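Trainee:
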Amino acid sequence: MNVITRRRVLRASLAAAAAGLGVGLYTWQVEPHWLEIVRRRLPVRGLPEALRGRTLAQLTDIHVGPRVSDAYVLETFARVKSLSPDIVVYTGDFTSYSADVYAHAERVYADPPRGRLGTCGILGNHDYGPNWAHPEIAARLADRLQAVGIRVLRNEVAEVAGLQIAGMDDLWGRQFDPVRTLAAVDHRRAAIVLSHNPDTVDRSGWTGYQGWVLSGHTHGGQCKPPLLPPPLLPVENRRYTCGEFDVSDGRMLYISRGVGHLLQVRINVRPEVTLFELERA
Ligand SMILES: [Fe+2]
71 MNVITRRRVL
81 RASLAAAAAG
91 LGVGLYTWQV
101 EPHWLEIVRR
111 RLPVRGLPEA
121 LRGRTLAQLT
131 DIHVGPRVSD
141 AYVLETFARV
151 KSLSPDIVVY
161 TGDFTSYSAD
171 VYAHAERVYA
181 DPPRGRLGTC
191 GILGNHDYGP
201 NWAHPEIAAR
211 LADRLQAVGI
221 RVLRNEVAEV
231 AGLQIAGMDD
241 LWGRQFDPVR
251 TLAAVDHRRA
261 AIVLSHNPDT
271 VDRSGWTGYQ
281 GWVLSGHTHG
291 GQCKPPLLPP
301 PLLPVENRRY
311 TCGEFDVSDG
321 RMLYISRGVG
331 HLLQVRINVR
341 PEVTLFELER
351 A
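FYI, the numbering for the sequence shown is 71 to 351, going by my numbering.
1. In the DSSP assignment, what are the bridge partners of W282?
2. Rounded to whole angstroms, what is the Cα-Cα separation between V100 and R327?
3. Could you tell me the distance, in whole angstroms, from the CA atom of N267 to the CA atom of A89?
4. From D316 to W276, what does the alpha carbon distance come to, in whole angstroms?
5. Answer yes or no: do E347 and G188 have a C-beta to C-beta separation smaller than 9 Å?
6. Which residues bound the alpha helix (DSSP H) around V249?
7. Using only CA atoms, which one of E314, N195 and P341 lies nearest to V283?
8. Between the Cα of I207 and those of Q216, L215, N201 and D197, spot the shortest distance and give me the residue it belongs to.
9. Within 10 angstroms of its Cβ, does C125 collect 16 or more other Cβ (buried), or is it exposed?
10. With respect to the alpha helix (DSSP H) encompassing R149, which residues constitute its N-terminal and C-terminal limits?
11. With distances taken Cα to Cα, identify the nearest neighbour of D215 among A236, R258 and F164.
12. If you follow the beta strand (DSSP E) that R109 is part of, which residue opens it and which one closes it?
13. Is D239 near ligand 1, with its Cβ less than 8 Å from a heavy atom?
14. Suppose the cutoff is 6 Å on Cβ atoms and the five residues either side in sequence are ignored; what does the same chain contact list for P155 look like?
15. Quick one: give me the first and last residue of the beta strand (DSSP E) that Q234 is part of.
16. At a cut-off of 8 Å, would you count L264 as near ligand 1, judging by its Cβ distance to the nearest heavy atom?
17. Taking 8 Å as the cut-off, does the CB of G286 come closer than this to any heavy atom belonging to ligand 1?
18. Determine the DSSP secondary structure at A46, reduced to helix, strand or coil.
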C-alpha cells in the first residue's frame, strides 16, 4: 500500500468512526429527549357539547427513576402545562423501580401537569416494582399521585365534565379487570378507556364497550429500523407498535410512544406527548 492509499484508508476510517460516534450520540443524547407533541382528533360518541374542541393530553411511560433525566421530565411537564390542556390523562409506568422510588417520584411529581377540568391516570407494570409483583408498591405510589391531584383509576371510572374515563388496572401487574371496570360505565353516554398494555384489547371482557382505548407500554419499540418493525416490543400482538389501530369491533386503539425510556436509546421513535382535540363522533 503506497502512502496516498494508506492516507485515503485512514481518512475513510476516521470518517466512518466519526459518523458512528455521531449516530451513537444522536441515539443516546438527542432523540431520547427530542419530544414530539403529536396533535390528533379524538372523536367520541355522545360527547357533551361543552367538551367539543376541548383538549386532552395523554402522557405515558414517563419512567421516573434512575434511567430518565429529571430535567427532561420537568421540561416535558413545562411544555405540557404551556398547552393548558383541559383534561390530562396518564397511562401508566409513572416510575421505574429503585430503592429510592417514593422520594424520587415525590420530587418529580410534586407539581405535574393537570387538566383544567380533570386529571386521572392508571398504573403500568413498572409501577408494580420488581417482576411487577408488588401491589404494595403500586398502592403507595398511587397514594402519592392522588395527593398531587392525579386521580388514579384502578378498574374504576371517573367522570370529567360528562365524559366517562374508565381506567383499567395493569395486565402484567395481574390486576387488569375489564368486566368490573366496564360494569361501571354507562354505555349510552360518552366514554373513553385507559389501559396501559395494548395487548389488553385482545383479552375478553370488553362486551358493550365501543370507542377509544388509549395506551402506552411499547415506547414504540424505542428503535425502529427503516421499513422494518421494531425488533424489541413487549407485546404478544406484534401489530401493536404505536399509533392508531382499528380493533374492528367498534373499538379503536391509540398507542403513544411515551415520554421516557428503559435504556436511554431511541432511533426513529421520538418520545411523544399526545394532545387530542375532542370532537363528536
Ligand atoms: Fe413503559
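C-beta atoms are modelled at their ideal positions from N, C-alpha and C, and glycine is treated no differently.
Keep in mind it's a predicted model, so treat the numbers as computed, not measured.
Mentor: In terms of the structure at hand:
1. M322.
2. One Cα belongs to V100, the other to R327, and the distance between them is close to 16 Å.
3. Distance between the alpha carbons of N267 and A89: 36 Å.
4. If you draw a straight line from the Cα of D316 to the Cα of W276, it comes to about 15 Å.
5. With contacts defined as CB atoms closer than 9 Å, E347 and G188 fail to qualify as a contacting pair.
6. Per DSSP, the continuous alpha helix (DSSP H) segment holding V249 begins and ends at P248 to A253.
7. Selected option, being the one with the closest Cα: E314.
8. For the residues Q216, L215, N201 and D197, the minimum Cα distance to I207 belongs to D197.
9. It is worth fixing the name first, because residue 125 is Thr in this sequence and not Cys. Burial check for T125: the Cβ neighbour count within 10 Å reaches 16 or more, so the residue is buried.
10. Where R149 is concerned, the enclosing alpha helix (DSSP H) stretches over D140 to S152.
11. Correcting the residue identity first, residue 215 is Leu in this sequence and not Asp. It is F164.
12. That run of the beta strand (DSSP E) goes E106 to V114.
13. No; taking the cut-off as 8 Å, the Cβ of D239 has no heavy atom of ligand 1 nearer than that.
14. Excluding positions up to five away in sequence, the list reads T125, A127 and G185.
15. The continuous beta strand (DSSP E) containing Q234 extends over residues L233 to G237.
16. Result no, Cβ not under 8 Å from ligand 1.
17. Yes.
18. One cannot answer for residue 46 here, as it falls past the ends of the chain, which runs 71 to 351.
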